[in-house]
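K.L.:
Just passing along the structure, written as structure tokens.
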Amino acid sequence: MLSQGIIEKELTHIIGKDNIQTSKEDLICYSYDATNQKFLPDAVVFPKSASEISLILKLANQEGFPVVPRGAGSGFSGGSLPVKGGVIVSLERMNTILKIDADNLIAIVEPGVVTGDFQEEVEKLGLFYPPDPSSLRFCTMGGNVAECAGGPRAVKYGVTKDYVLGLEVVLPTGETINTGAQTIKSVVGYDLTKLMVGSEGTLGIVTKIILKLLPLPEATKTMLAVFQDMKDAARAATNIISSKIIPSTLEFMDRGSISCVDDYVSMGLPADIEAVLLIEVDGDRGLIENQAEGIKKICLDNRAREVRIAGDKKEVKQLWQIRRAISPSLAKLKPNKINEDIVVPRSKIPDAIIGVREIAKKYNLTNANFGHAGDGNIHVNIMIDKSDRAEFLRAEKAVKEIFKLVLGLGGTISGEHGIGISKMPYIGMELSHTAIDVMKKIKQVLDPKGILNPGKIFPKL
Ligand SMILES: Cc1cc2nc3c(=O)[nH]c(=O)nc-3n(C[C@H](O)[C@H](O)[C@H](O)COP(=O)(O)OP(=O)(O)OC[C@H]3O[C@@H](n4cnc5c(N)ncnc54)[C@H](O)[C@@H]3O)c2cc1C
């Protein structure tokens with residue numbers, strides 16, 4: 024535990040007394056993330072510059088206390104939790120959009136900028152930043168970089184790593200480096216930008232992000248296809264992509280998920296459906312009309328019971344309402360969820376969902392699945408009541424079997440949420456001992472005293 028002396032004298036001296044919190048009520052606000060697990064830090068600091076972060080990290084190395092970077096705390100794998108106590112470095116006050124360069128299609132932001140706010144700002148200039156995690160109203164750009172966040176638009180536009188051109192990073196030992204460049208191309212030395220993106224706040228604290236932008240697509244078209252057989256929906260999703268139409272989103276929801284959304288029947292959807300695809304295309308007006316017709320035909324050829332194309336903004340909102348309502352409405356099934364973000368090759372989605380359902384049945388568990396069919400990333404939800412210990416233990420066994428199934432299908436155990444503490448016990452199922460060893464060595468070189476975000480990713484470090 025961090026001594027009062029260090030907090031009151033050294034840390035407060037670096038950061039100023041208005042930028043440090045130590046009362047229990049304040050610490051509780053920074054003790055959890057979306058996993059709903061709680062670990063109390065010793066202090067929370069709100070730096071405003073890389074140089075303050077550098078001094079905090081140098082002090083941490085000298086005194087041997089843990090430092091944990093935090094954006095909005097919306098992570099699903101426990102990455103921002105101070106599992107070994109120490110100081111939370113909240114980046115929320117470093118939230119300035121430093122530059123939007125419309126001539127060169129780049130932007131530079133501080134890490135605490137909220138993703139949705141950044142998107143709105145660039146869109147005002149006719150520009151586009153595609154990565155769209157469903158948490159975009161509150162998650163931060165720094166958190167997105169640290170987790171390499173994706174979202175529904177990944178199927179066409181890729182994920183955060185595809186837009187990060189360079190970074191300013193304070194290393195665990197307190198030195199500051201710049202990686203990449205403010206240009207689309209740069210191959211000078213090892214690609215430290217890619218190393219940092221997705222490193223889950225364990226290799227450095229990101230203090231500036233250089234981003235690539237695109238021109239804003241002229242228009243979008245949204246449609247909903249309803250299926251009575253889940254395999255037909257999965258086949259339609261595969262056929263859409265293989266017909267060389269790449270939608271900007273291609274979302275899948277199974278019966279278990281849809282049935283939680285109160286209004287779906289009042290929205291005119293049949294009560295007995297097995298799966299729904301929510302599909303959006305974007306681009307030139309003429310092109311998307313043709314693409315929407317092409318997609319409708321593919322869905323009907325795959326026995327869609329109905330394909331509804333939104334005629335105006337109100338209908339678009341209504342269709343997305345079903346998708347957005349799913350995650351919160353799952354609480355109707357059970358109070359807690361174990362949320363896995365597995366990815367399989369698109370064509371294996373039916374095998375994955377059938378397999379997951381069989382595993383859930385074997386362990387007598389409630390299960391609902393939805394996600395990004397376009398890139399094979401399915402959110403598998405095992406719904407439990409944590410107070411039921413026996414059910415929790417059955418769920419743990421089921422998760423391990425689900426990961427085995429996914430890896431057997433040529434997939435990966437996490438497409439978006441990272442390892443953190445939630446998937447730490449399973450990392451060895453996907454990565455070889457040698458690969459894990461290389462990663463641990465990288466961590467040791469950059470963070471010899473193990474002070475930055477300890478207790479994450481690797482079971483023993
Ligand atoms: C309702 C909901 C929907 C979601 N939907 C999606 C989705 O569609 N796609 C998706 O990918 N994720 C999704 N997420 C997960 C989460 O929002 C993302 O992982 C997001 O990137 C986390 O951002 P954050 O600012 O909340 O980071 P935090 O949760 O605070 O931190 C996440 C990790 O990043 C590190 N970190 C934060 N800032 C920095 C920094 N400046 N430098 C270094 N490390 C840092 C932390 O230490 C931690 O390891 C969702 C979460 C919720 C609750």
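Sequential numbering of the sequence shown, starting at 24, is according to the numbering used here.
Glycine included, each C-beta is placed from N, C-alpha and C at the ideal position.
1. Short check: CB of leucine 188 to CB of alanine 204, under 8 Å?
2. Suppose the cutoff is 7 Å on Cβ atoms and the five residues either side in sequence are ignored; what does the same chain contact list for arginine 380 look like?
3. Can you confirm whether the stretch 266-280 touches the stretch 296-314 when touching is taken to mean that 3 or more C-beta pairs between the two stretches lie within less than 8 Å?
4. Curious, which full-length beta strand (DSSP E) runs of at least 3 residues does the stretch 72-129 contain?
5. Smallest Cα separation from tyrosine 386: which of Ala421, Phe151 and Arg346?
6. Within 10 angstroms of its Cβ, does histidine 402 collect 16 or more other Cβ (buried), or is it exposed?
7. Thinking C-alpha only, which one of Asp470, Asp56 and Leu82 is nearest serine 100?
8. Please classify aspartate 155: is it buried, with 16 or more other beta-carbons within 10 angstroms of its beta-carbon, or exposed?
9. Could you give the distance in angstroms between the alpha-carbon of lysine 446 and the alpha-carbon of asparagine 313?
10. For arginine 176, which option in Met253, Pro105 and Ile269 has the closest C-alpha, if you only look at C-alpha atoms?
11. Would you list, in sequence order, the uninterrupted alpha helix (DSSP H) runs of no fewer than 4 residues that lie entirely inside the stretch 373-459?
12. If I'm right that threonine 272 touches glycine 397 with Cβ under 8 Å, what's the distance once you round it to whole angstroms?
13. Put aspartate 335 into one of helix, strand or coil per three-state DSSP.
14. With H, G and I counted as helix, E and B as strand and the rest as coil, what does DSSP make of lysine 208?
15. With H, G and I counted as helix, E and B as strand and the rest as coil, what does DSSP make of threonine 216?
16. Beta-carbon separation of glutamate 33 and phenylalanine 69 under 8 Å?
17. From the DSSP secondary-structure annotation, give me the bridge partner or partners of threonine 163.
18. Is glutamine 60 helix, strand or coil when you go by DSSP?
19. I want to know whether the stretch 128-135 touches the stretch 227-242 - three or more CB-CB distances under 8 Å.
20. Using only alpha-carbon positions, find the residue among Val178, Leu80 and Cys283 that is nearest to isoleucine 349.
21. Whole angstroms are fine: how far does the CA of arginine 347 sit from the CA of valine 339?
22. Measuring straight from C-alpha to C-alpha, what distance separates lysine 208 and alanine 327?
23. Asparagine 476: beta carbon under 7 Å from a heavy atom of ligand 1?
P.N.:
On the basis of the coordinates in this document:
1. yes
2. Asn390
3. yes
4. 90-93, 110-113 and 120-124
5. Ala421
6. buried
7. Asp56
8. buried
9. 43 Å
10. Ile269
11. 412-431 and 450-453
12. 7 Å
13. coil
14. coil
15. helix
16. no
17. Val137
18. coil
19. yes
20. Cys283
21. 12 Å
22. 44 Å
23. yes
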